[in-house]
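Quick note on numbering: UniProt numbering labels position 164 of the sequence shown as 164, and the sequence is numbered without any gaps. Ideal placement from N, C-alpha and C gives every residue a C-beta, glycine not left out. Notes follow once the structure below has been shown.
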Amino acid sequence: MAIRKLFYRCSLFFFGLQIFNWGYSLTKLLAFSERPEQLSFFGIYLSLTWNVLAFILVWAIWHFLINSNVIELLINRRFTSQADDREQLITTDTENNDEDKETSRLTTFAHIAQILYYCRSQWQWYTAGFVFLIIYAGARVFIPHFTGQVISTIIEKDFSQLIRSVIFMSVLTLVSTLFGGLRGGCFDYGVALMSRKIRRDLFSSIISQEIAFFDEVKTGEVVSRLTSDCQTMSTLVGTNVNIFFRNNVMLVGSLGFMFSLSWRLTLVSFIAVPIVGFVSKVYGAYFDKIIEQTQNSIADANHVAEEVISTMRTVRSFACEKKECSRFEGFLGRTLQINKVLIARC
Numbered sequence: 001m002a003i004r005k006l007f008y009r010c011s012l013f014f015f016g017l018q019i020f021n022w023g024y025s026l027t028k029l030l031a032f033s034e035r036p037e038q039l040s041f042f043g044i045y046l047s048l049t050w051n052v053l054a055f056i057l058v059w060a061i062w063h064f065l066i067n068s069n070v071i072e073l074l075i076n077r078r079f080t081s082q083a084d085d086r087e088q089l090i091t092t093d094t095e096n097n098d099e100d101k102e103t104s105r106l107t108t109f110a111h112i113a114q115i116l117y118y119c120r121s122q123w124q125w126y127t128a129g130f131v132f133l134i135i136y137a138g139a140r141v142f143i144p145h146f147t148g149q150v151i152s153t154i155i156e157k158d159f160s161q162l163i164r165s166v167i168f169m170s171v172l173t174l175v176s177t178l179f180g181g182l183r184g185g186c187f188d189y190g191v192a193l194m195s196r197k198i199r200r201d202l203f204s205s206i207i208s209q210e211i212a213f214f215d216e217v218k219t220g221e222v223v224s225r226l227t228s229d230c231q232t233m234s235t236l237v238g239t240n241v242n243i244f245f246r247n248n249v250m251l252v253g254s255l256g257f258m259f260s261l262s263w264r265l266t267l268v269s270f271i272a273v274p275i276v277g278f279v280s281k282v283y284g285a286y287f288d289k290i291i292e293q294t295q296n297s298i299a300d301a302n303h304v305a306e307e308v309i310s311t312m313r314t315v316r317s318f319a320c321e322k323k324e325c326s327r328f329e330g331f332l333g334r335t336l337q338i339n340k341v342l343i344a345r346c
């Protein structure tokens, strides 16, 4: 189990190596393109193809090692005897199964699948929002082109072309503004309906639990999950789904313009963007941990508040108002410290 956790922690490192490999391949292609006759050499494209295939194969092999028990079996056989090894494998397998049931966490793709499942129930609004999004993104893609035409016609003093470019740019701006508002409205309403469904399903799941569940889990924590966490999830879904679709549609349109202007500059973007994405991935993993700590701290504070308010007569009878205030303030202080770390990292 510990070995597998170590492999998970090293995943970002190996992913960074593959990103470096990808950037190196494209940089090599740009270097060879300085002499056009070299682009006719078959070896250049063979090397580029092999680097891309190596990127895919290494990543696939790494995930296979993480998700299998091969490494644990090899290490157990290396440091233990054959007889003890068989007994240890049986015991560790049962222990690992119990630990996996208790501490298993969904992967990012599993979370995305769950979110898409809830989005599917409101497919009408998301489909309408996606159609408006395509129109909005298409207009936004053409605006920089006509902005450049306006600047060039001003320099060349071609006023007839300037008027046409200004008209086109004004129409595109109006279209992007109108359909951008329709897009936002459809997505926001879809998120509101999805948020209602998430809260309803969570509440139904909570009240259908065994009585022992309520003895083990704090009431304030459950209430916090039902209110604060559901709201955070809905907000993130509404923002991220909207931005994800918008950026991808604009990316496809922008790449068409970029390739038509200069394929070399486009390759430079393909080198820089994965590096930025890798840095964002590393920061996002750390950011998720901080956010989770913040939510847990808020849940603990809510539990203290709920506990004190529900037993106010007992608190008053023992004159523990100041003590409970100090305890509640302690949890708020811990939340503040986590927020300080979050602000400093931003």
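Point to revise | Sufficient close CB pairs (3 or more, under 8 Å) joining the stretch 227-245 to the stretch 319-328 | key: no
Exercise for review: Throw me the rounded Cβ distance for the M169 and V141 pair, which I believe falls under 8 Å.
Suggested key: Counting from one through the sequence shown, the residue named residue 169 turns up at place 169. Counting from one through the sequence shown, the residue named residue 141 turns up at place 141. Their Cβ separation, rounded to whole angstroms, is 13 Å, which puts M169 and V141 out of contact at 8 Å.
Practice item. May I have the straight-line CA-CA distance separating L39 from L46, to the nearest angstrom? Key: Position 39 of the sequence shown holds residue 39. Position 46 of the sequence shown holds residue 46. So the alpha carbons of these two residues sit roughly 12 Å apart.
Check your understanding: Hey, I143 and V249: beta-carbon distance below 7 Å or not?
Key -> The sequence position of residue 143 within the sequence shown is 143, counting from 1. The sequence position of residue 249 within the sequence shown is 249, counting from 1. No.
Review point. In or out: V279 buried (at least 16 other Cβ within 10 Å) or exposed?
Key: Numbered from its first residue, the sequence shown carries residue 279 at position 279. So V279 ends up on the exposed side.
Practice item. Ignore the nearest five residues each way along the sequence and tell me which others in S176's own chain have a CB closer than 6 Å to its CB. Key: One-based indexing of the sequence shown puts residue 176 at position 176. Hits under 6 Å: Y136, A139, R140.
Review point. From this set, M312, Q124, I154, R183, which residue's C-alpha is nearest F132's C-alpha?
Key: Locating residue 132 in the sequence shown gives position 132, counting from the first residue. The shortest Cα separation from F132 among M312, Q124, I154, R183 belongs to R183.
Point to revise | Integer-rounded CB distance, given that T239 should sit under 8 Å from I298 | key: Your numbering for residue 298 matches position 298 in the sequence shown. Your numbering for residue 239 matches position 239 in the sequence shown. Contact flag wrong, Cβ pair sits at about 20 Å.
Review point. Three or more C-beta pairs closer than 8 Å, one from the stretch 112-128 and one from the stretch 193-205: is that the case here?
Key: yes
Check your understanding: With a cut-off of 7 Å, does the C-beta of F132 fall near any C-beta of chain C?
Key -> The chain labelled as chain C is not found in the depicted structure, where only one protein chain is given.
Practice item. Under 7 Å Cβ to Cβ from K218, same chain only, skipping five residues before and after it: list those, please. Key: Locating residue 218 in the sequence shown gives position 218, counting from the first residue. If we look at K218 and ignore the five residues flanking it on each side, its Cβ neighbours are H303.
Check your understanding: Should D215 be labelled buried (16 or more other beta-carbon atoms within 10 Å of its own) or exposed?
Key -> Residue numbering aside, residue 215 sits at position 215 when the sequence shown is read from its first letter. Exposed, because fewer than 16 other Cβ atoms sit within 10 Å of the Cβ of D215.
**Study point:** Euclidean distance between Cα positions of Y126 and G333
**Key:** Position 126 of the sequence shown, counting from 1, holds the residue named residue 126. Position 333 of the sequence shown, counting from 1, holds the residue named residue 333. One C-alpha to the other measures close to 40 Å.
Review point. Can you list, in chain order, the residues of its chain whose CB lies under 7 Å from that of Q18, leaving out five sequence neighbours each side?
Key: Looking up residue 18 in the sequence shown gives position 18. The residues are F55, V58, W59.
Check your understanding: Three-state secondary structure (DSSP) at D158?
Key -> Numbered from 1 along the sequence shown, position 158 holds the residue referred to as residue 158. It is coil, neither helix nor strand.
**Study point:** Boundaries of the alpha helix (DSSP H) in which E307 is found, first to last residue
**Key:** The residue you call residue 307 lines up with position 307 of the sequence shown. Start and end: 263-310.
Review point. Between L26 and R200, what straight-line distance do the alpha-carbon atoms span, to the nearest angstrom?
Key: The sequence position of residue 26 within the sequence shown is 26, counting from 1. The sequence position of residue 200 within the sequence shown is 200, counting from 1. Cα to Cα, the separation comes out at about 50 Å.
Check your understanding: What number of angstroms, rounded off, separates the C-alpha of G129 from the C-alpha of I44?
Key -> Residue numbering aside, residue 129 sits at position 129 when the sequence shown is read from its first letter. Residue numbering aside, residue 44 sits at position 44 when the sequence shown is read from its first letter. One C-alpha to the other measures close to 44 Å.
**Study point:** Residues near I290 in its chain [Cβ-Cβ closer than 8 Å; skip 5 each side]
**Key:** For this step, residue 290 is matched to residue 290 along the sequence shown. Within the same chain, I290 has close Cβ partners I338, V341, L342, R345.
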